[in-house]
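Throughout, the working numbering is defined as the position within the sequence shown, counted from one, plus 1. Some notes on the structure that comes next.
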Amino acid sequence: MANGHIRRDGWEFWALVALSVGGVVQILGLPLIVGALEDHWGYSAAYSGYITSVDLAGLFAGSATTSMWASRINWKRYVAGAILLCIVLNVLCVWFHTLGILMVLRFGAGLASGVAYASSLALMSRVQDTARGFSIVIFAQVLANAAVLEVFPVIDARWGPGGLFVTIAAVMAATAVIVPRLPGRDPVADADTEVPDSRAGRDRPLPGQAGAAGEQGRAAAGAERTGAALPGRTDATLAEQSGAALAPPVTRVAMSALCLGAVALVYVAIGSYWAYAERMGIAFDLSAGVVHQLLAASVLLSTIGCLAAFRLSRSVGQSRPLLGALGLLSAVLLFHSGSPQPVMYVVTLVVMQICWNLIDIFQLGTLAIVDPSGRAAALVPAAQGIALAAGPAAGGVALTAGRGYWAVLLVAGGAAALATLCYSIVYVRYLRVAEPLAGGHQPAIP
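Dropping the structure here:
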């Protein structure tokens, strides 16, 4: 750890990557758990859905709890407690099949999983070079998703839901080995415990603000005396600067809330489209076999978004690729709603998969810049969970009204366009207060 921020090439960073994968496995496995409960334990589709909803409610509670306590907890103890709780409750689900007890156990397991996932995102906001760090996290989650889709059906066929719950517990048990590598107290709080002058408790002024010239002069003078080079500009430095940039009247809370609202809108777009992607293809005169092949092949394209984000964060920053990807996605979805042709279906599927992870990475990176405390990033799983439930519901309302799949695409495209507007407001605000922040968030670490 350097200057209160986690190095991307250190063990702490890789521990956070492992924690994010361990925390997300339970969420990735939910669709398969629903089918297993129906096939093996005799639950109806409706009751299986209720159990999944309770899991997601626990995820929301874990995310919100982590956000509230982000600056006051010992991360090692907090995450270790969540991992232990997740292991115990998932194992207990093997023996308790009654609906009421099972729902309580699933809520607790979802809460523990949400704490692990949200903690990894909150601490990732302290990583130097956040965009590249989140690129690695999302790529690891893509691989985890592929593994879940391959392994969980085999386990379900042999051992049923109990086997799936034990597998989740085993993954969390394996994740426990990284706990000693996590930070103890909040990294930024630790770095701020010693303040050399009377400016204690205040944000460092931005270039051009009162007091900035004096600090820069003192830093330059000190470097000249010692022969040391001035430090390069890092995402961590920019995150600290952004805290000052977003002083009242536009507060960090307002900008963080706007970004979280945009995250929710992005996942409304994704959820409303993805829930009906298979049926759309068939409705647009493609055979079921072709649609399944297209869906399977498109998942591989999601890795392109990770790699593109990794490179773009170095060359042009975060804001412009984020706005460009969202603008492209909304335009393609809206155009497809007016042109329900098989060719447009394939184009939309490709654009969705490439943009999905790229947008995710830059959303998380932008939140880390807007709110370096990590509280906003910890709420991302909650925003995702709510939106992924609301998206298919909005699409269902459109279909129930007899509007057809073009209306579902209109809902998805409209949500993506609103998310673009939200991030544009954040971007314009940065241009007004600190152009370098809006221009690139360029990291100094190679």
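Glycine included, every Cβ here is placed at the ideal spot set by N, Cα and C.
State whether the stretch 386-393 contacts the stretch 322-341, with contact taken as three or more CB pairs (one from each stretch) at a distance under 8 Å. Judged by Cβ distances under 8 Å, the stretch 386-393 makes no contact with the stretch 322-341, as fewer than three pairs qualify.
Output yes or no for whether 9 Å exceeds the beta carbon distance between residue 335 and residue 421. Not a contact, by the Cβ cut-off of 9 Å.
CB-CB under 7 Å to residue 289, same chain, minus the five flanking residues each way: which ones, in chain order? If we look at residue 289 and ignore the five residues flanking it on each side, its Cβ neighbours are 283.
Could you tell me how far apart the beta carbons of residue 120 and residue 60 are, in whole angstroms, since I believe they sit closer than 8 Å? The Cβ separation is near 13 Å, so there is no contact.
Please report the Cβ distance between residue 1 and residue 306, rounded to the nearest whole angstrom; I am assuming they are in contact, meaning their Cβ atoms lie under 8 Å. No answer is possible for residue 1: it lies beyond the span of the chain, which begins at 2 and ends at 447.
Nearest-angstrom Cα separation, counted from residue 413 out to residue 268: Going by the C-alpha atoms only, they are around 9 Å apart.
Under the three-state reduction of DSSP, which class applies to residue 264: helix, strand or coil? Helix.
Just how far apart, CA to CA, sit residue 369 and residue 397? C-alpha separation (whole angstroms): 34 Å.
Cβ contact check for the stretch 147-167 and the stretch 62-70: 3 or more pairs under 8 Å: No contact exists between the stretch 147-167 and the stretch 62-70.
Excluding the 5 residues preceding and the 5 following residue 169 in the sequence, name in chain order all residues of the same chain whose CB lies nearer than 7 Å to its CB. For residue 169, where only same-chain residues beyond five positions count, the Cβ hits under 7 Å are 26, 27, 30 and 91.
Determine the DSSP secondary structure at residue 128, reduced to helix, strand or coil. Residue 128: strand per DSSP, three-state reduction.
What would DSSP say about residue 97, mapped onto helix, strand or coil? The answer is coil: DSSP assigns residue 97 none of H, G, I, E or B.
Inter-stretch contact at 8 Å, needing at least 3 Cβ pairs: the stretch 120-140 / the stretch 348-355: A contact between stretches requires three or more CB pairs, one per stretch, nearer than 8 Å, and the stretch 120-140 fails this requirement with the stretch 348-355.
Cα-Cα separation between residue 304 and residue 77, rounded to whole angstroms: Here the alpha carbon of residue 304 sits roughly 31 Å from the alpha carbon of residue 77.
Using three-state DSSP, classify residue 312 as helix, strand or coil. DSSP, read as helix, strand or coil, puts residue 312 in helix.
Would you call the stretch 256-264 and the stretch 310-320 touching, i.e. three or more CB-CB distances under 8 Å? By the Cβ criterion, the stretch 256-264 is not in contact with the stretch 310-320, since fewer than three pairs of Cβ atoms, one from each stretch, lie closer than 8 Å.
Spatial distance of residue 82 from residue 411 (CA atoms): If you take the alpha carbons of residue 82 and residue 411, they lie about 44 Å apart.
In angstroms, rounded to a whole number, what distance separates the CA positions of residue 20 and residue 345? Straight-line Cα distance between these residues: approximately 38 Å.
Just to confirm before moving on: does the CB-CB distance between residue 16 and residue 180 stay below 9 Å? Against a cut-off of 9 Å, the Cβ pair of residue 180 and residue 16 comes out as a contact.
Could you spell out where the alpha helix (DSSP H) holding residue 178 opens and where it closes? First-last for residue 178: undefined, no H or E at that position.
Classify residue 256: buried if its beta carbon has 16 or more other beta carbons within 10 angstroms, exposed otherwise. Residue 256 comes out buried.
Alpha-carbon spacing of residue 46 relative to residue 427, whole angstroms: Cα to Cα, residue 46 sits roughly 42 Å from residue 427.
Does the beta-carbon distance from residue 388 to residue 271 come in below 9 Å? Cβ distance < 9 Å, so residue 388 and residue 271 count as in contact.
Once DSSP output is grouped into helix, strand and coil, what is the label at residue 361? DSSP places residue 361 in helix when its eight states are reduced to three.
How about residue 19: is its C-beta nearer than 9 Å to some C-beta of chain D? This model lacks chain D altogether, as it is built from one protein chain only.
In the structure shown, what three-state DSSP assignment does residue 404 receive? Three-state result, residue 404: coil.
According to DSSP, simplified to helix, strand and coil, what is residue 294? If DSSP states are grouped into helix, strand and coil, residue 294 belongs with the helices.
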